[in-house]
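A.B. asks: Quick note, the working numbering runs 799 ahead of the 1-based positions in the sequence shown.
Yeah, the Cβ is synthetic: ideal placement off N, Cα and C, and Gly gets one too.
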Amino acid sequence: MFRWFVLVFALGLGVVPARASVEAVYIGLHELCLEADAIVVGRIVALEDEEFEVEITRRIAGVTLPGRVKLGRFEDWTCGQRWAPYALGQELLLFLERSPDGKRLDPIGGTCEGEMPLIGGKVGCPYLLHDVPTVRVTLERREVALRLVPLAEFEEAIRFVRERFEYLPWNERSPGSIVPLWPMEEIEAFGRSSKIAWHLIDELYSSESWKGPVPDDGPQLTQESIERVMFPEGRSGAVRHLTCIGERDGGVEALATLRDPNRLVLVRQTRAGATSFTPVQIESFNGTRYLGACELLGDLDSDGELEFALNVDEVGLMLLSLENDGTSARWRELARSQTLREAGFKSGTDSFSDEMASLGDLDGDGTFELAVMVKRSPGAGQSATSLTFVLSIDRTGAVVRVLRWNDRTLPDDDPLWLSLAAVGDVDGDGVTDVALGNSAGDRMRGAVWIVFLQRDGSVRATRKFSSLTGGFRQRFIDSESLGQDLAAPGDVDGDSIPDLLASSESGLWTLLLARDGSVRSVRRLRNPADPEP
């Protein structure tokens, strides 16, 4: 939702025309509730060209109004549309603010945030809300997507936040302030009374204007300690991608692609912490090409050599066979497979991203499944989208089957996915499941989707969690961007359900999952660059 500065023109005899919008500023639901000079329930009893008259049937908060009041009508335009045309008898929940001259009140907002319809005792809320489903309703022959909240719960939540918080609005010179006037334990207890109460309190708590207490939700690593762990021997920033091979001879091995120089290396670290790097020579390969992500597939042909999928610029996917001594590797192309093109891969617009996930042998037919994310860039003026393909690779390294996840099986709120990880069998059906990260979802707070697979690699169901849904009840500010990257640590807490690691702007989150893909509990390891506690 957006707040729009209202431009009012005086015409002829002083008639005030419909509200017009000229500049957009984001406004949250908590700001709507706290900044309104009056919040009332009313019914439209008269309509004029530029105004509508409302009979006040219930005062919720703010100044007391006369029995009837005239308000400026909202005029639909390119960037904003009322949920339905004005009509006599419409019942509304109104959030009103005074005009600059103080002589009149008008609904807040340039996309009708301040005019919410009442439908059978429920408020049709235009905002995305915590765990409140979106429903499509028809009002005055216009279909609209809304979240329905009981009026009594909405009213109680509005009064609570207006009484329990001291609020200084945001302006161009200051981010404002929100200070709780009651103990947080009592505020959080009220938040558990209804979904709308929790949503409003979460918006207050997550706002950049929040000046109340913030619990220490996790330790903070120093930048130096991160570099020692991830980039030993002074190679900070040099590693482009790292895939773990596993333990061997008392140490841990991983295959890494380096940024400078552009090469493939075998990394070995002993239990004592000593690290060595062995360059891997790729036979008959142009070493100037960009080496991207690599993903361990396993020993496909049982010859004792491990196979990897490697993303290479201008080549696409390569199948890499690493010799036992770790000094050389052979390769063949996967991306130019006819089977891949038949599944919908377009060489002119599609390119492989660095997001891949090895799924193992899903259906037990002896082939290995690999999920790969493809970025489709149609051209100028068109938005890029992400597609996911599941490749079945046989023991000879040939792609024998390709399945593209159908667009209808995944949410369409943001078509550009940023991360992909094979989580493990979350729901206990014996099939590996996948996580997708979308850091732009839900007001740029980010979102993660657990994708439940069938044995043929197709999508059976999905489960989303974000700041708004899925049990993720943490302090999350706008632009948090949860899901920038994902990793699967296995079962962290010993409950036989695999868990998930997800990065965001503020740090690394350990997400303990339930069988249905929701989040049972979380813990954050804070980003050393994040100044907030």
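Hey, leucine 870 and aspartate 905 are a contact pair by Cβ (cut 8 Å); roughly how many whole angstroms apart?
C.D. replies: Rounded, the Cβ-Cβ distance is 6 Å, consistent with contact.
A.B. asks: Just verifying my parser: in three-state terms, what is the DSSP assignment at isoleucine 957?
C.D. replies: Three-state result, isoleucine 957: helix.
A.B. asks: If I measure Cβ to Cβ from glutamine 1080 and keep anything under 7 Å in the same chain, skipping five residues before and after, which residues do I get?
C.D. replies: Hits under 7 Å: Thr1126 and Ser1127.
A.B. asks: Measuring CB to CB, does valine 978 end up less than 8 Å from valine 948?
C.D. replies: Cβ distance not < 8 Å, so valine 978 and valine 948 don't count as in contact.
A.B. asks: Using three-state DSSP, classify cysteine 911 as helix, strand or coil.
C.D. replies: It is coil, neither helix nor strand.
A.B. asks: Inspect the beta-carbon positions of leucine 893 and glutamate 914 and report whether they are closer than 8 Å.
C.D. replies: Contact flag set, yes.
A.B. asks: If you compare alpha carbons, which of Gly1236, Gly1245, Ser1120 and Ile907 is closest to isoleucine 826?
C.D. replies: Checked all of Gly1236, Gly1245, Ser1120 and Ile907; the closest Cα to isoleucine 826 is Ile907.
A.B. asks: Counting C-beta neighbours from all protein chains within 10 Å, is the total for lysine 1263 16 or more, i.e. buried, or is it exposed?
C.D. replies: It is buried - the Cβ of lysine 1263 has at least 16 other Cβ atoms within 10 Å.
A.B. asks: Report the residue from Phe1107, Glu1007, Glu850 and Ser898 whose alpha carbon sits nearest the alpha carbon of asparagine 970.
C.D. replies: When only C-alpha atoms are compared, the closest one is Glu1007.
A.B. asks: What are the partner residues of valine 853, as DSSP defines its beta bridges?
C.D. replies: Ile843 and Val868, per the DSSP bridge assignment.
A.B. asks: Which of helix, strand or coil does DSSP assign to histidine 998?
C.D. replies: The answer is helix: DSSP assigns histidine 998 an H, G or I state.
A.B. asks: For leucine 1217, which of helix, strand or coil comes out of DSSP?
C.D. replies: Of the three classes helix, strand and coil, the one that applies to leucine 1217 here is coil, per DSSP.
A.B. asks: Out of Val1064, Thr1077, Gly1011 and Gly1045, state which residue places its alpha-carbon closest to the alpha-carbon of glycine 1097.
C.D. replies: That would be Gly1045, whose Cα lies nearest to the Cα of glycine 1097.
A.B. asks: Please list the segments of the alpha helix (DSSP H) lying wholly inside the segment 1276 to 1322, counting only runs of 4 or more residues, in order along the chain.
C.D. replies: If we require 4 residues or more, the segment 1276 to 1322 turns out to have no alpha helix (DSSP H) run fully inside it.
A.B. asks: Name the two residues that bound the continuous alpha helix (DSSP H) containing threonine 1138.
C.D. replies: Segment 1137 to 1141, the alpha helix (DSSP H) holding threonine 1138.
A.B. asks: Would you grab the beta carbon distance between arginine 857 and valine 839 for me? Rounded to a whole angstrom, and I think it's under 8 Å.
C.D. replies: Right, their Cβ atoms sit about 6 Å apart.
A.B. asks: Does DSSP classify histidine 1040 as helix, strand or coil?
C.D. replies: Here histidine 1040 sits in strand by DSSP.
A.B. asks: Using CA atoms only, rank isn't needed, just tell me which of Ile843, Arg1194 and Glu984 is closest to aspartate 1102.
C.D. replies: If we check each option's Cα against that of aspartate 1102, Arg1194 comes out closest.
A.B. asks: Buried or exposed for serine 992, please, with buried defined as at least 16 other CB atoms from any protein chain shown within 10 angstroms of its CB.
C.D. replies: Serine 992 is exposed by the Cβ-count criterion.
A.B. asks: Quick one: what's got a C-beta closer than 7 Å to arginine 1088's C-beta in the same chain, skipping five residues either side?
C.D. replies: The answer, listed in chain order, is Val1111, Asp1112, Glu1113 and Val1114.
A.B. asks: Considering only residues of the same chain and omitting the five flanking positions on each side of tryptophan 1308, which have a CB-CB separation below 6 Å?
C.D. replies: Taken in chain order, the residues that qualify are Ala1301, Val1321 and Arg1323.
A.B. asks: By how many angstroms is the C-alpha of glutamine 1283 removed from the C-alpha of lysine 902?
C.D. replies: If I take the Cα positions, the gap works out to 49 Å.
A.B. asks: Keeping to the same chain, check which residues put their C-beta closer than 7 Å to that of glycine 861; ignore five residues upstream and five downstream.
C.D. replies: For glycine 861, where only same-chain residues beyond five positions count, the Cβ hits under 7 Å are Ala835, Asp836, Ala837 and Ile838.
A.B. asks: Please give me, in chain order, every unbroken run of the beta strand (DSSP E) with length at least 3 that falls completely inside the segment 1083 to 1130.
C.D. replies: Listed in chain order, they are 1090 to 1097, 1105 to 1111 and 1115 to 1121.
A.B. asks: Kindly indicate the opening and closing residues of the beta strand (DSSP E) around glutamate 896.
C.D. replies: Run containing glutamate 896: 890 to 897, per the beta strand (DSSP E) assignment.
A.B. asks: How big is the Cα-Cα spacing for isoleucine 986 and isoleucine 1000?
C.D. replies: Taking the straight line joining both Cα atoms gives about 8 Å.
A.B. asks: Could you check how far apart the C-beta atoms of leucine 1219 and methionine 1117 are, in whole angstroms? I think they sit under 8 Å.
C.D. replies: With 8 Å as the limit, leucine 1219 and methionine 1117 do not qualify as a contact, their Cβ atoms being about 18 Å apart.
A.B. asks: When the Cα of alanine 1221 is compared with those of Arg1062, Asp1160 and Asn1061, which residue comes out closest?
C.D. replies: For the residues Arg1062, Asp1160 and Asn1061, the minimum Cα distance to alanine 1221 belongs to Asp1160.
A.B. asks: Going by the C-beta, is leucine 928 closer than 7 Å to any heavy atom of the ligand PLP?
C.D. replies: Among the components modelled here there is no ligand, and therefore nothing to report on the ligand PLP.
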